[in-house]
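Report on the following structure.
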Amino acid sequence: MCQVEEDYQPKLQRPEEHSVSRKCVKCKEELAAVLIRAGDPYCRSCFRDYFTHKFRAMLGKTRLIFPGEKVLLAISGGPSSSAMLSQVQQGLSQSAQKKLRFLPAIVHIDEGGALGLSLVERQRLVSELQVIFRASGFNFYTIPLEQVLDLPSSVVNVAPPSFDQAPDSYKAAVDVDLQGAGRDPQQGGGVPEPRLDESQTRSLQQLLGSAATLTARAELLSTLRQHLLVHTARTRGYSKLLLGESCSRLAVRLLTCVSLGRGAHLAQDTGFSDCRFGDVTLVRPMREFSAKEIAVYNHMFGVPTVIIPTLDTKMPEKASIQRLSQSFVSRLQQDFPSTVSTIYRTSEKLQTAGGGCSAQDGRCLLCVCSVDTAAGKASALQARLISEQLCCQEPAGTVQVGPTPPAGQCCSATDGECGRPAGGAGCCSSHFRAPEKKELQKLLCYSCQLILRDMSSVAHLPQYIVAEAERRKRRSLMKDEISEFLLEEEGSS
Amino acid sequence: MPVSCSSCGEKRAALKRPKTGHSLCKECFFMAFEEEVHQTIVNASLFKSGESVAIAASGGKDSTVLAHVMKVLNERYNYGLELMLISVDEGITGYRDDSLETVKRNQQQYELPLKIVSYEELYGWTMDAIVKQVGLKNNCTFCGVFRRQALDRGALMLKVDKICTGHNADDVAETVLMNVLRGDIARLRRCTAISTASEGEGVVPRCKPLKYAYEKEIVLYAYFKKLDYFSTECIYSPNAYRGHARTFLKDLESIRPSSIIDIIHSGENLSVREGVKMPVQGTCSRCGYISSQALCKSCVLLEGLNRGLPKLGIGKHHRLHGKILSQQPLTEKEERKLKSVEF
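The listed protein sequences derive, respectively, from chains P and X.
Per the numbering used here: the first sequence ends with 1263, consecutive numbering throughout.
Per the numbering used here: the second sequence ends with 579, consecutive numbering throughout.
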């Protein structure tokens, strides 16, 4: 009933058979150990084969990860990413034919500072994880989220991909790899982590605290985390980042994104591959596994997990949009068991409007997706702007906000316009200027504008975001000056 | 401490706008509300001067406010439209007969001509009779499909150029959510359009001038303007799937009031991948109405009702279209599948 073209199955109306002593549906010999969907009992080994096959098939079918490519696994310690890690470990130790051929490493972002965990608690969780990472034999990095405050502003820019990713070259690369078998075995060690600085933790907490609603805070946290992951991948030469989001999590994410106004970016937020950053591609290989399958797998085959709290742990249902969507989908799933898979299938049919992975200009400052705020003639955005205008006494643009630049600077104009392009130590020292909310709004996509709206002050934004905002503003001023002489639109800056 | 209106700054604020949170006095709120509907109409070029427009009136708050606002704006801005009311009688006792009285009162208040079409005269079935046959789970499908056709037939009888319905922002947002939950990609693409396509015979284009108006604001408007409307829910609605989307939307609105417009924005900016199968518009071979299959949905549903097979029309039935068209009897297995109904 909940699906549009649903076929009514008569067998659902028959009385339920005893599921205790049924045979496995695949091998038909062993006793079934787990019931995945309504009619599919599997025995242990068939279930393991099914799970492994699904994982390999996802990677192999899409031919996205090239042999010999350096791949970074983003492990949070939760069940999905731990299952992903275990699958990758297994996949690399198999016989040569079906072996996974990439070079993985692990990264873990320690978000304890954002959640207010004590230093002792954070170190305990990280050391538990490091035991698991060491056992895998891959290189691993544990990075505290505070590092995000020190990132360069290039992280929010799109960089061209580093090598040819055309589908034909995949086959050629596989052949080359099969022939040249000798590759240096990985040392498998941790990179010494940087010392935690108290003041950085405080700055991070201030930044997150300036977001008034939990919804905005959660979105901001995930944006910062994404920036840090991409930066780690970029600086250490990894071209792929594997995220461990399961089908259930992605269905909730889809509903959340629709509610937040991210309809234009749904394909990138929930799709298999996300190429918004250009050189680092985000891949979600656990996309087709439901949370139940992952939990059963972890339990049956002893996959170690470490549970780390997040921002909305133990929060009431209506605390944030993310939390509400999650409880809504779980509740609906009880009455209509195909809810999650239906939502997931919807996400497969979507794409990014206008071919997302192209132009450099017109990218959101925070989420690096294309900006969707071109208010069409009759659109929701237009309606919203009209409503705001009609309710205010005077147009908001006339009010002057923002400090004047300090004496001794070269920018004598009050809005800091400076025609000279940004150099390293340019004439406009951007870190003396607090950014204006209105200026930042122009550089953001619709949903990131909502996040900014919920923030009480933008003074705590990390340096790299402010610097990048300044750079883009200067560049657009330059472009306005010479717009009548430009012959065609440039693709990249 | 009295708050003053944020728009005129003089009078005391009488209400807080659900959409933006600003405090406004009554007059400024009326002005803002009407102006927004006017901007929607103008920006989307919904009407042309000299057209005759039928307002789909059910007696509920949306259509009452729509009728009032359309009349006001038609005079204030000289749209040059000829307005009239259409109402549909589904035959639900205790609900529809009461609301129809409200529509008749509206007709006298606004001095607009009124036409009532009923399911009984168009199809030979009232909703009460349908529910007796179909049960409480899938009856909304019947009502919705039949009403759409009824509106079109009524509009053709009146010979109008356009129909406008009172769908508000909450309705559109609920529809987007519902289509995501049901995986209906074709409808997902179309549901945020403010007006339907206008080609084809027997099809009157319809539009939603109140598309960006919040439901709460419509109620506020009707309350302060002392408009008269009928405010009960359809007695069969608690079991509808849409109810889930509605509770979710209400909760979202309490967390973040702009969510409703955000969802509409998401729906407008969705883009579907190429190669996804989409239905193609054609005509029904039996009644000539527009349809994407050989038989339009209402013909299939009617056939099911008349033959005593209530599930014909719910679920996949394309293979049976040929059989229905050629009047062949269905096999016993098929009949069994289509007959069983849970209450």
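Here a beta-carbon is modelled for each residue, glycine too, at the ideal position from N, C-alpha and C.
Those residues of the stretch 1147–1161 of chain P placed with their C-beta closer than 9 Å to a C-beta in chain X are K1147, A1148, S1149, A1150, L1151, Q1152, A1153, R1154, I1156, S1157, E1158, L1160, C1161, ordered along the chain.
Close partners of G503 (chain X) in chain P (Cβ separation under 7 Å): G1033. Within the same chain, and ignoring the five residues on either side of A422 (chain X) in sequence, the residues whose Cβ sits closer than 7 Å to its Cβ are M514, P515. For H823 (chain P), there is no enclosing beta strand (DSSP E); the residue is part of the alpha helix (DSSP H) that begins and ends at 814–832.
Neighbourhood of R1115 (chain P) in chain X, by CB distance below 8 Å: G419, in chain order. Per the C-alpha coordinates, the member of P:S1009, P:L1012, P:L1024, P:A802 positioned closest to N415 (chain X) is P:L1024. Within chain X, V412, L413, V416, D498, I499, S502, G503, L506 have C-beta atoms less than 9 Å from the C-beta of V1028 (chain P), given in sequence order.
For D1142 (chain P), a Cβ of chain X is located within less than 8 Å of the residue's own Cβ.
Using a Cβ-Cβ cut-off of 8 Å, D364 (chain X) does not count as an interface residue toward chain P, since no Cβ of chain P sits closer than that to its own. Nearest to G330 (chain X) by alpha-carbon distance, out of X:I471, X:V512, X:S527, is X:I471. With respect to D406 (chain X), I496 (chain X) sits close: the two C-beta atoms are nearer than 8 Å. Close partners of H258 (chain X) in chain P (Cβ separation under 7 Å): C1161. For G861 (chain P), the three-state secondary structure derived from DSSP is helix.
Comparing C-alpha distances from E510 (chain X) to each of P:P1055, P:A1061, P:K1119 shows the shortest one belongs to P:K1119. With contacts defined as CB atoms closer than 8 Å, Q343 (chain X) and L319 (chain X) fail to qualify as a contacting pair. A check of alpha carbon separations from I1064 (chain P) across P:T912, P:Q857, P:L977 identifies P:Q857 as the nearest. Going by C-alpha positions, V925 (chain P) is about 22 Å away from M1225 (chain P). One thing to note: D325 (chain X) has its Cβ no nearer than 8 Å to the Cβ of Y346 (chain X).
Taken in chain order, the complete alpha helix (DSSP H) segments of 4 or more residues contained in the stretch 368–403 of chain X are 375–394.
Annotation: Y313 (chain X) has no Cβ neighbours in chain P at a cutoff of 7 Å; minimum Cβ distance is about 15 Å.
Contact annotation, L977 (chain P) with H1230 (chain P): C-beta distance approximately 4 Å; criterion of less than 8 Å satisfied.
At the C-beta level, T1109 (chain P) and L417 (chain X) come within 8 Å of one another. Annotation: D810 (chain P) is outside any alpha helix (DSSP H) and is labelled neither H nor E by DSSP. For the 8 Å CB-CB criterion, I500 (chain X) and V408 (chain X) form a contact.
Under the 8 Å criterion on CB atoms, I1221 (chain P) is classed as non-interfacial with respect to chain X. With fewer than 16 other Cβ atoms from the protein chains shown falling within 10 Å of its own Cβ, Y313 (chain X) counts as exposed. The distance from the Cβ of G296 (chain X) to that of S335 (chain X) is about 7 Å, consistent with a contact at the 8 Å cut-off. Going by DSSP, V408 (chain X) is part of the alpha helix (DSSP H) stretching over 405–418. With respect to the 8 Å criterion, L889 (chain P) and L966 (chain P) are classified as neighbours on the basis of their beta carbons.
For T1109 (chain P), the chain X residues whose Cβ falls inside 8 Å of its Cβ are L417, in order along the chain. I902 (chain P): member of the alpha helix (DSSP H) spanning 889–906, first to last residue.
Counting C-beta pairs closer than 8 Å gives three or more between the stretch 1064–1082 of chain P and the stretch 849–856 of chain P, which meets the contact rule. At least 8 Å separates the CB of S527 (chain X) from every CB of chain P. In this structure, DSSP gives E326 (chain X) a state outside helix and strand, which the three-state scheme calls coil. Spanning the alpha carbons of G540 (chain X) and G549 (chain X) requires a straight line of approximately 7 Å. Rounded to the nearest whole angstrom, the C-alpha separation of S242 (chain X) and R1154 (chain P) is 17 Å.
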